[in-house]
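Chemist: Residue numbers (the UniProt record's numbering), protein chains in the order written: chain L, 1 to 235; chain B, 1 to 338.
Glycine is no exception: its CB is placed at the ideal position from the N, C-alpha and C atoms.
In this text the structure is predicted, and so the values were computed from the model without any measurement.
Submitted below is the structure of interest, expressed as structure tokens.
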Ligand SMILES: [Zn+2]
């Protein structure tokens with residue numbers, strides 16, 4: 001069993017190779033650089049270093065969003081094409097879940113992974129490590145940080161905020177959660193591709209052809225069009 | 001005996017997700033196109049983000065369909081050719097990354113192809129190219145005269161300074177309240193009217209460049225002025241007049257360039273090559289001349305991947321290769337390979 005994990009959904013670019021219960025290779029950068037140029041060479045280098053051929057792969061796991069639309073699509077396109085052409089299973093995992101996974105493992109409480117979504121909004125969800133596995137408490141969503149913070153405050157428990165974009169919203173969370181707001185260390189802010197591989201390890205493969213990113217949001221033109229249709233329908 | 005060269009082409013530069021396989025750059029053994037036109041019609045034009053989303057939905061489906069249609073496996077494919085640019089960046093990225101993943105998975109050479117080179121090489125699926133030649137490329141995004149002295153050598157001798165011909169067609173169609181894409185509607189309407197309205201011919205003397213934005217404005221002004229005076233303009237006459245102006249310019253410049261460059265062949269390429277008015281005017285203009293005029297069938301004029309595979313075959317044989325860092329280049333210039 002050799003699993004290749006790919007994450008290009010946000011600034012961090014990550015690739016990992018999981019063999020049985022061992023992470024045999026992991027590559028991460030956190031740079032504002034073009035994923036399209038760098039991801040395939042990163043996969044190639046990691047696989048060469050680990051002395052793996054494409055045909056050795058038994059599964060592809062990809063971070064399916066939310067995140068940058070273009071970024072998510074690059075990873076998903078590569079993952080779909082590899083899985084289809086190598087005839088191996090494809091598993092998609094929430095990009096937020098990947099980000100939450102590593103810090104959640106050692107944290108007693110809730111974990112809220114954060115990707116900035118501009119104009120005061122965040123992509124987030126709520127996760128918790130229970131009985132040896134990561135569970136979803138609140139599904140991935142797009143929310144205003146000022147609306148998300150009071151919701152978390154109502155839980156009355158410690159919430160760990162994780163992600164490179166957390167500093168952009170830290171003040172809002174501190175104001176509403178006070179000492180219950182805990183912030184991850186810089187060493188935990190990048191989603192770990194090894195965690196991505198691990199999360200997908202035992203999941204069944206999905207239909208490769210129909211697999212699409214989870215953008216969370218409709219394309220702007222689509223949303224406007226639907227709104228217009230609704231208005232027409234409702235007179 | 002030399003083995004047949006099988007090239008898998010992938011094209012996603014705009015709103016068609018396409019994969020095709022050619023044999024020796026001349027023969028199509030598979031040609032699959034998933035058009036998104038129905039989806040974009042709602043918006044009156046191609047929406048880049050929506051185009052990119054549809055490409056992700058279709059990409060592995062069309063590639064698989066192409067392999068099935070050709071009845072070959074990836075191991076029999078000699079190289080993968082993909083449109084590198086120009087086009088919509090988000091759309092191009094899907095084809096480029098799928099091609100790279102495929103090249104990596106099966107350890108195949110990767111050949112980057114310029115979209116316009118593809119349109120030109122669509123003609124090689126019809127007849128062998130005779131050099132030197134001149135290609136008139138007219139589409140929604142391009143209006144260019146390209147001189148080729150040999151395979152893989154592209155010299156742009158004239159290009160649009162503003163709107164592409166197809167773009168002008170779509171904009172004029174919108175003024176006439178026609179659905180997107182407007183080009184075919186104008187073409188059809190033009191045949192029902194006569195070119196009685198006086199519209200400018202943007203000649204740009206001394207250059208092979210094109211400019212259709214002034215002509216488009218003239219059409220819009222004509223409509224507005226008539227509306228203000230409470231007069232009715234027959235849309236078919238307006239369409240005929242607009243088409244006559246565009247076709248006059250395209251044909252005259254092509255005829256002049258053919259004379260100056262002394263070419264053996266004239267190729268017509270791109271979506272607007274489907275235009276009946278343009279086809280018949282070119283046929284008439286070249287009927288007495290000692291130059292072969294090649295106009296491909298309609299299905300080769302619009303975006304497809306067979307043309308990318310055809311161009312890719314030539315580039316492959318010239319040794320053109322990309323590595324896995326290949327990127328999509330939305331404003332890619334056509335290159336001269338020697
Ligand atoms: Zn085109």
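What is the rounded straight-line gap between the Cα of residue 27(B) and the Cα of residue 125(B)?
Modeler: Between residue 27(B) and residue 125(B), the C-alpha separation is close to 6 Å.
Chemist: Under a Cβ-count criterion, where at least 16 other Cβ atoms within 10 Å of its own Cβ denotes burial, should residue 37(B) be classed as buried or exposed?
Modeler: Exposed, because fewer than 16 other Cβ atoms sit within 10 Å of the Cβ of residue 37(B).
Chemist: Distance check for residue 102(B) and residue 131(B), CA to CA, integer angstroms please.
Modeler: Each residue's Cα considered, the two are about 34 Å apart.
Chemist: Assuming the contact rule is C-beta atoms closer than 8 Å, residue 163(L) and residue 114(L) should be a hit. Round their C-beta distance to whole Å, please.
Modeler: About 4 Å; that satisfies the 8 Å criterion.
Chemist: I'd like to know if residue 36(L) contacts chain B, where contact means its C-beta is closer than 8 Å to some C-beta of that chain.
Modeler: Closer than 8 Å: yes.
Chemist: Within the 8 Å Cβ cut-off, does residue 223(L) reach chain B?
Modeler: So, not an interface residue.
Chemist: Can you tell me which of the three DSSP states residue 190(L) falls into?
Modeler: If DSSP states are grouped into helix, strand and coil, residue 190(L) belongs with coil.
Chemist: Taking any heavy atom of ligand 1 as the mark, which residues have a C-beta closer than 5 Å to it, listed down the chain?
Modeler: In chain order, the hits are 139(B) and 303(B).
Chemist: Please say whether residue 91(L) and residue 61(L) have beta carbons closer to each other than 8 Å?
Modeler: Contact flag set, yes.
Chemist: Residues in the same chain with beta-carbon distance under 8 Å from residue 216(L), minus the five sequence neighbours each way, listed in chain order, please.
Modeler: Hits under 8 Å: 65, 66, 123, 140, 141 and 142.
Chemist: Since residue 208(L) and residue 83(L) should fall inside the 8 Å C-beta cutoff, what is the C-beta to C-beta distance between them, to a whole number of angstroms?
Modeler: Yes, they are in contact, since the Cβ atoms of residue 208(L) and residue 83(L) sit about 5 Å apart, within 8 Å.
Chemist: Fully enclosed by the stretch 189–256 of chain B, which alpha helix (DSSP H) runs are 4 residues long or longer?
Modeler: Listed in chain order, they are 213–228.
Chemist: So that I know if they touch, is there some Cβ in chain B lying closer than 8 Å to that of residue 68(L)?
Modeler: So, not an interface residue.
Chemist: Restricting to Cα atoms, I'd like to know which of 99(L), 149(L) and 15(L) is closest to residue 45(L).
Modeler: Looking at the Cα atoms, 15(L) is the closest of the given residues.
Chemist: If we define contact as Cβ-Cβ less than 8 Å, is residue 108(B) a contact residue for chain L?
Modeler: Judged by the 8 Å Cβ criterion, residue 108(B) is not in contact with chain L.
Chemist: Look at the Cβ atom of residue 279(L), then the Cβ atom of residue 159(L), and state whether they are nearer than 8 Å.
Modeler: Only positions 1 to 235 of chain L appear in the structure, and residue 279(L) is not among them; the question remains open.
Chemist: Provide the residue span of the beta strand (DSSP E) that contains residue 125(L), from first to last.
Modeler: 121–130 is the span of the beta strand (DSSP E), which, as asked, contains residue 125(L).
Chemist: Go to residue 317(B), then tell me how far its alpha helix (DSSP H) extends in each direction, as first and last residue.
Modeler: Residue 317(B) -> alpha helix (DSSP H) spans 306–317.
Chemist: With respect to the alpha helix (DSSP H) encompassing residue 77(L), which residues constitute its N-terminal and C-terminal limits?
Modeler: It spans 69–86 - the alpha helix (DSSP H) in which residue 77(L) sits, taken as one unbroken run.
Chemist: Hey, out of 145(B), 69(B) and 111(B), whose CA is closest to residue 256(B)'s CA?
Modeler: Checked all of 145(B), 69(B) and 111(B); the closest Cα to residue 256(B) is 145(B).
Chemist: Establish whether the CB of residue 73(L) and some CB of chain B are separated by less than 8 Å.
Modeler: So, interface residue.
Chemist: Would you call the stretch 109–126 of chain B and the stretch 79–86 of chain B touching, i.e. three or more CB-CB distances under 8 Å?
Modeler: Yes: the two stretches touch, three or more of their Cβ pairs being nearer than 8 Å.
Chemist: Rounded to whole angstroms, what's the CA-CA distance from residue 330(B) to residue 178(L)? Just pull it up for me.
Modeler: Straight-line Cα distance between these residues: approximately 48 Å.
Chemist: Mapping the DSSP letters down to three states, classify residue 32(L) as helix, strand or coil.
Modeler: Coil.
Chemist: Starting from residue 149(B), trace the beta strand (DSSP E) in both directions and tell me its first and last residue.
Modeler: Element bounds for residue 149(B): n/a, residue is neither H nor E.
Chemist: Might you give, ordered along the chain, the residues of its own chain that have their beta carbon closer than 7 Å to the beta carbon of residue 72(B), omitting 5 neighbours on each side?
Modeler: Closer than 7 Å at Cβ, skipping near neighbours: 6 and 21.
Chemist: What is the DSSP secondary structure of residue 184(B), reduced to helix, strand or coil?
Modeler: Helix at residue 184(B).
Chemist: Going along chain B, which residues have a C-beta under 9 Å from residue 41(L)?
Modeler: The answer, in chain order, is 323, 324 and 325.
Chemist: Which residue wins for smallest C-alpha separation from residue 3(L), given the options 196(L), 186(L) and 42(L)?
Modeler: The candidate whose alpha carbon is nearest that of residue 3(L) is 196(L).
Chemist: Tell me the start and end of each unbroken alpha helix (DSSP H) in the stretch 143–201 of chain L that is at least 4 residues and wholly inside, in chain order.
Modeler: Counting whole runs of 4 or more residues, the stretch 143–201 of chain L contains the alpha helix (DSSP H) stretches 145–153, 166–177 and 193–200.
Chemist: At which residues does the alpha helix (DSSP H) containing residue 95(B) begin and terminate?
Modeler: 89–106 is the extent of the alpha helix (DSSP H) around residue 95(B).
Chemist: So, do the stretch 194–202 of chain B and the stretch 213–220 of chain B have three or more beta carbon pairs nearer to each other than 8 Å?
Modeler: Yes: the two stretches touch, three or more of their Cβ pairs being nearer than 8 Å.
Chemist: Based on the DSSP output, what are the partners of residue 81(B) in its beta bridges?
Modeler: According to DSSP, residue 81(B) bridges with 9(B) and 111(B).
Chemist: Using a threshold of 7 Å, is the CB atom of residue 17(L) nearer than that to any non-hydrogen atom of ligand 2?
Modeler: Among the ligands in the structure shown, ligand 2 does not appear; only ligand 1 can be found there.
Chemist: Just list the beta strand (DSSP E) runs in the stretch 262–296 of chain B, keeping only unbroken ones of 3 residues or longer that don't cross its boundaries, in chain order.
Modeler: Within the stretch 262–296 of chain B, the complete beta strand (DSSP E) runs of at least 3 residues are 265–269 and 292–294.
Chemist: Please name the residue, chosen from 269(B), 209(B), 195(B) and 278(B), that lies closest to residue 240(B) on a Cα-to-Cα basis.
Modeler: Nearest option by C-alpha distance: 195(B).
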